[in-house]
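K.L.:
Below is one structure. I have some questions about it.
There are 2 protein chains.
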Amino acid sequence: MKTLNQLAKTPADLTKNLTPDRLEKLKAEALGMKLLYGTERVTEEVMDALWQMAQEKKVLHHMEKMQKGEIVNTIAGVPCENRPALHTAMRDLFSQAPRAAEATQLARQEIEKLKKFYPRFTHFTDLVQIGIGGSSLGPQAICLGLEAFHKPGKRVHFISNVDPDETTKIFKALDLKKTVVVVVSKSGSTLETVTNEARARQLFESVGLPSKDHVIAVTGKGSPMDDPQKYLSSFYIWDYIGGRYSVTSMVGAVMLAFVLGIDALMEFLQGAHEMDTIALSSDPAKNLPLISALLGVWNRNYLNLPTVAIIPYSQALSRFPAHLQQLDMESNGKRIDKSGKAVDFETGPIIWGEPGTNGQHSFFQLIHQGTTVVPLEIVAFKETQYGEDLEVQGTTSQEKLLANLFAQSIALAQGEKSDNPNKFFPGNRPNRILLARRLDPFTIGALLAYYEHKVVFQGFLWNINSFDQEGVQLGKTLASKIINLFKKQGNFPLGEAYLKQL
Amino acid sequence: MKTLNQLAKTPADLTKNLTPDRLEKLKAEALGMKLLYGTERVTEEVMDALWQMAQEKKVLHHMEKMQKGEIVNTIAGVPCENRPALHTAMRDLFSQAPRAAEATQLARQEIEKLKKFYPRFTHFTDLVQIGIGGSSLGPQAICLGLEAFHKPGKRVHFISNVDPDETTKIFKALDLKKTVVVVVSKSGSTLETVTNEARARQLFESVGLPSKDHVIAVTGKGSPMDDPQKYLSSFYIWDYIGGRYSVTSMVGAVMLAFVLGIDALMEFLQGAHEMDTIALSSDPAKNLPLISALLGVWNRNYLNLPTVAIIPYSQALSRFPAHLQQLDMESNGKRIDKSGKAVDFETGPIIWGEPGTNGQHSFFQLIHQGTTVVPLEIVAFKETQYGEDLEVQGTTSQEKLLANLFAQSIALAQGEKSDNPNKFFPGNRPNRILLARRLDPFTIGALLAYYEHKVVFQGFLWNINSFDQEGVQLGKTLASKIINLFKKQGNFPLGEAYLKQL
């Protein structure tokens, strides 16, 4: 059997070999979702070799260990977080035998608390979620993705940035009497979140409303925010829930219950849970996230492509790429492996993207004819969310949308020869399509978990720790030093040089 | 004098040589904006060599030719658009002697028409701009960037995507009696735009409102949309205004007049115009866009960095990176030069980004410790837009925001040694800061033009045509074929293979 390195010398030439047969054969399918990858630069031989690599690296075994609660967030011989990563336990609510029983039991308690609290949401029309990073990006992506399913009269807003104008703008437009704030911080001490909570409380108090009646906490037990005197209610998360993996914990659930109701929240969690089960499957025709991860490694390490563009052909998923940026780049943007040694290969790529068809009228020029090849992950749905559409010139908008994404997939792969050098398309731009029936609560849950597991599988394949984020610490330390300079304290010449420019 | 290739073998080592002196010295300044680039991997010797390259390639001469209306959108010996690029003429309204008098005269007529039309906006509370690519991304970035300056009771919405759910969602929330739609398409035949206009008209008619009274056209003279019978009013653009360069034409101006008023619109145009003048300056301490372009070429072609992250430390600029994606990647994502030959170097990089501090809690892990180096362009403002803030723990939010961006700039450049390999920061991550006083109409105009000229200068340096976009054609052709399959017409086996998957 040829090695992957040998195979990578002659990757599939899609300008010559793209056939209907290929498009029908190279796919995986589960939960009504199809991963169509005939437009990736692979052959069946390459897929076999990738699958064998997955077996050699025991990634299914690691996935099972993760879901059972063994310690996966660790690096040998280095002081580190050294703990499990149990986001899957947050949604393992639908079977008699959860894989990590203790964590699921705790999650279930919070869900029950939320159900009991739920009637109290009737007083409120607007919910403001204050939180940053994982406490904002994933929840926002799901909230927007399901806007078609929002309860009438319920609106959600997100404040992350310490930029004061954002908080000013959002609160200006609200009726504070009918507004509830959910403050999310596991540590209870995130600079941006603490600051924005203080501003929100001041705004309530300034119009004579006791802020305690309007602020809910989502935090770790024992954090500075775990204080029933100060909050209308408190919901818990645990140290084994990483921010970027926290959407299905109370970080996302409180807000989603408010805007979607409990039933839709449970469908969302069930979608995620069912994808967790798919991620354990040893069938390459079924394990969507693992196949996608293998293609990711092929593109990154064998075809040497530095970025990945996520293109959802659904405007509702407009913020999904921003969530995936954090999920993927914070998880796999690492330079040492799990034995603490610097890696000698490329790890996580740069993730970016915008919805199609919009992107086609923007950066697709570079994707078709630029000098850097960009692999695409297209996400698509057969049906609309609202069920409203209009036939114009013989087709509906939904048909035009689907026609466009299929056309792009083929055009990028196949390219086109032309004597006019400006109309020459080199082709061999790899892309794959994840095709689902309709963007509903169940499906978006499955989609979320699909990407969580894809990222984690790539981490397992690279033998890196996808669950910590030491790289954010240095900036925090230096920011404190400059904050001190603003307070006329401390000594930091480089910071002072910058402050002089103001 | 050493060549750039020689100098690139030993780029400035910022882990050793980052000093307060460097931060103060390496900068350019104009219109109250400072470009601080002491954290780029350059020396004064490199800057001199880059400046000399700019002179050899006569880029200031080309910029002057462009602004005067000579043909710059052309490729020798190839059938092509062969025309000027006259976006600068749209705002050359503030001097006695405009650089391209005829184009400015036409632009002035449209502005006068808009001023005359302006009182009729009083009937409307909501404006929906229907347009895609440049007819949406730039206008939306500016509209959101200036939300603090919006007239009370005026709201703007954007519909681009052919995704039917987007149109459904946006119109659901509107009072159609008080809604005006601006349809923007130079050709008058863009698939998405024509389709969404048809849906909008149907919605008006379905509630008994004549759609003619609610729809304004922005289009090219003689296009299928240039039909006074069908529109409340029509505003014109010309073939020498490329979509991605069109924000300061009627493409952006009609909507901005509605939401900001005429005075603020004129300030915005003036900001852009004054930056156009700066772009002609032969003083390296002043010509901000040229310095930035030279640094861009250094990072792309000499340090071999495939992407650029745009990080505005201002939530109001949340959609500015999406505009720059189109502006830069559609302009410079090219594989042939202006003589029609395939280039043997890298052209336009991949542009992406999100606001700070948000990004710090997301993908900055990869930027600090990943295996692919990402140069950053930070955009920052000294003052808030609303003038509202709160001191928490001794500093305001605005001070915390500034502290963070300066800290990131230093941390990325300098890195940090550590015996713990997970706390080791390699540093030498190039970044620059564009620092302005306050994000207001004038400044955002200058910022817009700064990036337009940066992109164009990079195109001049690479000798590529930054004004066409042939790369979007193949996808359009194949999409028509698949649209035909939906209509049971034509024959396209690859398309049929995909439709079978639905």
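Heads up: the protein sequence lines correspond to chains C and P, in order. Residue numbers for the first sequence follow numbering that gives the first Met the number 0, so the first one is 0 and each next one is one higher. Residue numbers for the second sequence follow numbering that gives the first Met the number 0, so the first one is 0 and each next one is one higher. C-beta atoms are modelled at their ideal positions from N, C-alpha and C, and glycine is treated no differently.
1) Would P/E353 pass as a contact of C/A263 if the rule is Cβ separation under 8 Å?
2) Cβ atoms of C/F234 and C/M249: under 8 Å apart, would you say?
3) For the pair the segment 201 to 218 of chain P and the segment 178 to 186 of chain P, tell me if three or more CB-CB distances fall below 8 Å.
4) Counting Cβ pairs closer than 8 Å, one from the segment 119 to 126 of chain C and one from the segment 148 to 167 of chain C, do we hit at least three?
5) Measure from the C-beta of C/M274 to each C-beta in chain P and report whether the shortest distance is under 8 Å.
6) Compute the Euclidean distance between the alpha carbons of P/L433 and P/N490, then round it to the nearest angstrom.
7) Less than 7 Å separating the Cβ of C/L289 from some heavy atom of the ligand COA?
8) When DSSP labels each residue in this structure, what does C/S184 get in the three-state scheme?
9) For chain C, is any of its Cβ atoms less than 8 Å away from the one on P/H86?
10) If I follow the unbroken beta strand (DSSP E) through P/D47, where does it start and stop?
11) Are P/L255 and P/I110 touching if we call contact CB-CB under 8 Å?
12) Between C/A315 and C/A199, which are expected to be in contact by the criterion C-beta below 8 Å, what is the C-beta distance as a whole number of angstroms?
13) C/R107 and P/G369 look like a contact to me (Cβ under 8 Å); what is the Cβ gap, rounded to whole Å?
14) Taking Cβ positions only, does P/D125 come closer than 8 Å to chain C?
15) Suppose you measure from the CA of P/I409 to the CA of C/S338; what does that come to, to the nearest Å?
16) Confirm, please, whether the CB-CB distance from C/F93 to C/H360 is below 8 Å.
17) Report yes or no: is there a C-beta of chain C within less than 8 Å of the C-beta of P/N357?
18) For P/Q128, report the span of its beta strand (DSSP E) as first-last.
19) Can you tell me which of the three DSSP states C/F170 falls into?
20) Short of 7 Å in beta carbon distance, which residues of its chain neighbour P/P10, apart from the five on each side in sequence? Order them along the chain.
21) List, from N- to C-terminal side, the beta strand (DSSP E) runs of 3 residues or more that fit wholly inside the segment 321 to 381 of chain C.
22) Using the beta-carbon count (16 or more within 10 Å), is C/D174 buried or exposed?
23) When we look at the beta-carbon of C/Q95 and count the other beta-carbons within 10 Å, is it buried (16 or more) or exposed?
24) Would P/W461 pass as a contact of P/T346 if the rule is Cβ separation under 8 Å?
25) Under the assumption that P/H367 contacts P/L400 (Cβ atoms under 8 Å), give the Cβ distance between them as a whole number of angstroms.
26) Which residue from C/T18, C/W50, C/N4 puts its Cα closest to that of C/P288?
27) Would DSSP call C/I463 helix, strand or coil?
28) Kindly indicate the opening and closing residues of the alpha helix (DSSP H) around P/I409.
29) So, for C/K381: in the same chain, excluding its five sequence neighbours on each side, which residues have a beta-carbon less than 6 Å away from its beta-carbon?
30) Quick check: the Cα distance between C/Y497 and C/L323, rounded to an integer number of angstroms?
31) Tell me, please, which residues DSSP counts as bridged to C/E28.
32) What are the residues of the segment 144 to 161 of chain P that lie near chain C, defined by any Cβ-Cβ distance shorter than 7 Å?
33) With C-beta atoms as the reference, is C/T192 less than 8 Å away from C/G137?
34) Helix or strand or just coil, what does DSSP make of P/E390?
35) Can you tell which of P/G207, P/K211, P/Y239 has its C-alpha closest to the C-alpha of P/K220?
36) Is it buried or exposed, C/K57, if we count other Cβ atoms within 10 angstroms and call 16 or more buried?
P.N.:
Judging by the given coordinates:
1) no
2) yes
3) yes
4) Yes, the segment 119 to 126 of chain C touches the segment 148 to 167 of chain C.
5) Interface annotation, C/M274: not in contact with chain P, CB-CB separation never under 8 Å.
6) Distance between the alpha carbons of P/L433 and P/N490: 53 Å.
7) Within the structure as shown, the ligand COA is missing, as the structure has no ligands at all.
8) strand
9) Not an interface residue.
10) First-last for P/D47: 43 to 55, but that is the alpha helix (DSSP H), not the beta strand (DSSP E).
11) no
12) With 8 Å as the limit, C/A315 and C/A199 do not qualify as a contact, their Cβ atoms being about 28 Å apart.
13) Not quite, the Cβ-Cβ distance comes to about 37 Å (not below 8 Å), so this is no contact.
14) no
15) 29 Å
16) no
17) yes
18) 125 to 129
19) helix
20) R40, L302
21) 349 to 351, 375 to 380
22) Exposed is the call here.
23) C/Q95 is exposed by the Cβ-count criterion.
24) yes
25) That pair is no contact at about 19 Å.
26) C/W50
27) In this structure, C/I463 counts as coil in the three-state DSSP scheme.
28) 396 to 413
29) R436
30) When rounded, the distance between both Cα atoms is 33 Å.
31) C/K33
32) Taking 7 Å as the cut-off between beta carbons, the residues of the segment 144 to 161 of chain P near chain C are E146, A147, S159, N160, V161, in sequence order.
33) no
34) Here P/E390 sits in strand by DSSP.
35) When P/G207, P/K211, P/Y239 are compared, the shortest CA-CA separation from P/K220 is found for P/Y239.
36) exposed
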